Amino acid sequence: MIKDRKVSFSGIQPSGNITLGNYVGALRNWPSYQDDYDCVYCVVDEHAITVRQDPAKLRHHALELYAQLIACGIDPEKSILFIQSHVPAHAELAWVLNCFTMFGELSRMTQFKEKSARHADNINAGLFTYPSLMAADILLYQTDIVPVGEDQRQHVELTRDIAQRFNGVYGDVFTLPEAVIPTVGARVMSLQEPDKKMSKSAENENSYILVMDTPDAIMRKFKRAITDSDATVRKSPDKPGVSNLIDIYCAATGMTVEEVERQFEGKGYGEFKPAVGEAVVEFLRPVREETERLMADKGELERLYRQGAEKAAAVAARTLTKVHKKLGFLPR
Ligand code: TYM
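The numbering used here puts the first residue of the sequence shown at 206, with every later residue one more than the last.
Okay, here's the thing in structure tokens:
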């Protein structure tokens, strides 16, 4: 396919409210590509059902997430912003790619291992083949870059392997994508167990900050964040809790680690933790307030997501038609 500009694609699951980790690791970086890339961003509801979802909540979260992406700065007129299940080509290409993805490759995926441990009563085939659907998302749009947090690097690398395998048999059908991972905030950790990533599916709500949390909740959670007995504000591998708070403070203020350490030299956690809380409240405030404003006009959001699906379907159909032809499927 001949493209005028390179393509940026990314997706996020509407499996709950989004966290500070999602925002810092991924969402806040997406709008910056809009001037130089053709951007395609997607609420991946089909991925979300690999674990059980309550239908009413899923509907709410998908719409709210769509609004949040706009609130983060994605312009639905400039970028293609849509809901995955509205574009059937994703599920169709995923099937094809399943036939080019190896059992051994899927077995090695960290996210599959973690989720199957957490949902031991529901290790369904969708959870296992999830990376083939993700590869379909990316490859349908002839994507060059995939802005994601560190935890998705492995899935993007597998996507490249699948694309290469397919291209090896049928010629240059897919562009090979590359993960783009931020230098600050690529892996925001849990506030309660700083050896684990901050996740919206964690049980203890003090372990994560939600973009929609009230300022009071944010302050409370940071005050309760796990630190250590050596009360110095210094980044170090043996101080994972404090190191995570320093990284969060850097992400929220744009300061460097050295600047933060200097600012809090000789000061304890009693001063540092509320300062992180306040910085994060101000950092998230515009997104929360804009999301609330957008959610007041659901009709407009529906108009935008329909328009997004139409634009996405037109691009996706070109790739899918080419794939079907290469495979030897009779034309429709
Ligand atoms: P998801 O919905 O879990 O997360 C969305 C984005 O947020 C990033 N992220 C984090 N970054 C830093 N620190 C954290 N604690 C943290 N938690 C999450 C993720 O890396 C991701 O970029 N499989 C994907 C969704 C997906 C996708 C795609 C992404 C489906 N199709 C195609 C890119 C391209 C996922 O589960 O992300």
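Even glycine gets a Cβ: it sits at the ideal position worked out from N, Cα and C. Predicted model, so just to flag it, every value in this text is computed and none were measured.
(message) Quick check: the Cα distance between Gly373 and Gly475, rounded to an integer number of angstroms?
(response) Within the sequence shown, the letter at position 168 stands for residue 373. Within the sequence shown, the letter at position 270 stands for residue 475. C-alpha separation (whole angstroms): 58 Å.
(request) Provide the residue span of the beta strand (DSSP E) that contains Leu286, from first to last. (result) As a working note, residue 286 is residue 81 in the sequence shown. Unbroken beta strand (DSSP E) run through Leu286: Ile285 to Ile288.
(request) Compare the beta carbon distance of Phe287 and Ala517 with 7 Å and say whether it is the shorter of the two. (result) Mapped onto the sequence shown, residue 287 falls at position 82. Mapped onto the sequence shown, residue 517 falls at position 312. A contact, by the Cβ cut-off of 7 Å.
(request) Decide if Trp235 is buried, meaning its Cβ has at least 16 other Cβ atoms within 10 Å, or exposed. (result) Here residue 235 corresponds to residue number 30 of the sequence shown, with the count starting at 1. Buried, since its Cβ has 16 or more Cβ neighbours within 10 Å.
(message) Measuring straight from C-alpha to C-alpha, what distance separates Glu269 and Gly376?
(response) On the sequence shown, residue 269 is found 64 positions in, with the first residue counted as 1. On the sequence shown, residue 376 is found 171 positions in, with the first residue counted as 1. Using only the alpha carbons, I get a separation of about 41 Å.
(message) Please state the DSSP three-state secondary structure of Ser221.
(response) Taking the first residue of the sequence shown as 1, we reach residue 221 at position 16. It should be pointed out that residue 221 corresponds to Gly in this sequence rather than to Ser. Gly221 falls in the coil class under three-state DSSP.
(message) Given this structure, state the Cα-to-Cα distance separating Thr224 from Leu415, to the nearest angstrom.
(response) Your numbering for residue 224 matches position 19 in the sequence shown. Your numbering for residue 415 matches position 210 in the sequence shown. Using only the alpha carbons, I get a separation of about 4 Å.
(message) Buried or exposed for Arg493, going by 16 or more other Cβ atoms inside 10 Å?
(response) Here residue 493 refers to the residue found at position 288 when the sequence shown is read from its first residue. Answer is buried; the Cβ neighbour count reaches 16.
(request) Using three-state DSSP, classify Cys277 as helix, strand or coil. (result) The residue given as residue 277 occupies position 72 in the sequence shown. Coil, per DSSP.
(request) Verify the contact flag: Ser215, CB atom, against every heavy atom of the ligand TYM, threshold strictly below 6 Å. (result) Position 10 of the sequence shown, counting from 1, holds the residue named residue 215. Flag set: Cβ of Ser215 near the ligand TYM.
(request) Please report how far the alpha carbon of Leu525 lies from the alpha carbon of Tyr242, in whole angstroms. (result) Sequence index remark: in the sequence shown, residue 525 carries index 320 (1-based). Sequence index remark: in the sequence shown, residue 242 carries index 37 (1-based). If you take the alpha carbons of Leu525 and Tyr242, they lie about 22 Å apart.
(request) For the region 336 to 395, list the beta strand (DSSP E) runs that are entirely contained and at least 3 residues long, ordered along the chain. (result) 350 to 352 and 383 to 385
(request) Figure out for me which residue from Ser237, Lys320 and Gln289 has the closest Cα to the Cα of Val248. (result) Start at 1 with the first residue of the sequence shown, and residue 248 comes out as number 43. Nearest C-alpha to Val248: Gln289.
(request) Compare the Cα-Cα distances from Met339 to each of Lys208, Arg511 and His252 and report the closest residue. (result) The count along the sequence shown starts at 1 and reaches residue 339 at position 134. When each option's Cα is compared against that of Met339, the closest is His252.
(request) Compute the minimum distance between the beta carbon of Val378 and the heavy atoms of the ligand TYM, and state whether it is under 6 Å. (result) Taking the sequence shown and counting its residues from 1, one reaches residue 378 at position 173. It does not: the Cβ of Val378 is nowhere closer than 6 Å to a heavy atom of the ligand TYM.
(request) Could you tell me if the beta carbon of Ala340 falls within a distance shorter than 6 Å of some heavy atom in the ligand PLP? (result) The ligand PLP is not among the ligands present in this structure, which contains only the ligand TYM.
(request) Find out if the Cβ-Cβ distance for the pair Gly331, Thr255 is shorter than 7 Å. (result) The residue you call residue 331 lines up with position 126 of the sequence shown. The residue you call residue 255 lines up with position 50 of the sequence shown. It is a contact, given that the beta carbons lie within the stated cut-off.
(message) Assuming Asp243 is part of the beta strand (DSSP E), what are its boundary residues?
(response) Your numbering for residue 243 matches position 38 in the sequence shown. Element bounds for Asp243: Asp243 to Val248.
(request) For the alpha helix (DSSP H) holding Glu466, just list the boundary residues, first then last. (result) Mapped onto the sequence shown, residue 466 falls at position 261. Start and end: Val462 to Gln468.
(message) Output needed for Met206: all residues of its chain with C-beta closer than 6 Å, excluding positions within five of it in sequence on either side, in chain order.
(response) As a first step, residue 206 must be located in the sequence shown, where it is residue number 1. Since pLDDT at Met206 reaches only 47, below the 50 mark, its modelled position is unreliable, and the value read off the structure follows with that caveat. Excluding positions up to five away in sequence, the list reads Gln347.
(request) Determine the burial state of Asn327: buried for a count of at least 16 other Cβ atoms within 10 Å of its Cβ, exposed for fewer. (result) Counting from 1 along the sequence shown, the entry for residue 327 is found at position 122. By the 10 Å Cβ count, Asn327 comes out exposed.
(message) Please classify Asn227 as buried or exposed, where buried requires at least 16 neighbouring CB atoms within 10 angstroms.
(response) What you label residue 227 is simply residue 22 of the sequence shown in a count that begins at 1. That one is buried.
(request) Pull up the distance between the alpha-carbon of Ala457 and that of Glu487, whole angstroms please. (result) Here residue 457 corresponds to residue number 252 of the sequence shown, with the count starting at 1. Here residue 487 corresponds to residue number 282 of the sequence shown, with the count starting at 1. Rounded to the nearest angstrom, the two C-alpha atoms are 8 Å apart.
(request) Closer than 7 Å by C-beta to Val353: which residues in its own chain qualify, once you throw out the five before and the five after it? Chain order, please. (result) Here residue 353 refers to the residue found at position 148 when the sequence shown is read from its first residue. Closer than 7 Å at Cβ, skipping near neighbours: Ser215, Ala231, Val361, Ala384 and Ile386.
(request) Taking only runs that begin and end inside the region 440 to 511, name each unbroken alpha helix (DSSP H) of 4 or more residues, in chain order. (result) 445 to 458, 462 to 468 and 474 to 500
(request) Just tell me which of Met424, Ser406, Arg370 and Ala514 has its CA closest to the CA of Met307. (result) Here residue 307 refers to the residue found at position 102 of the sequence shown. Per the Cα distances, Arg370.
(message) Less than 7 Å between the C-beta atoms of Ala521 and Leu345, yes or no?
(response) Position 316 of the sequence shown holds residue 521. Position 140 of the sequence shown holds residue 345. Yes. Within cutoff.
(message) For Leu381, tell me which candidate among Phe477, Glu497, Tyr335 and Arg365 has the shortest Cα-Cα distance.
(response) Counting from one through the sequence shown, the residue named residue 381 turns up at place 176. Nearest C-alpha to Leu381: Arg365.
(request) Run the CB neighbour count on Ser395, radius 10 Å, all protein chains shown included, and call it buried at 16 or more, exposed below. (result) Position 190 of the sequence shown, counted from the start, is the residue given in the question as residue 395. Label assigned to Ser395: buried.
(message) Looking at Asn411: is its Cβ nearer than 7 Å to the Cβ of Lys428?
(response) If you number the sequence shown from 1, residue 411 lands on position 206. If you number the sequence shown from 1, residue 428 lands on position 223. The answer is no: Cβ separation not under 7 Å.
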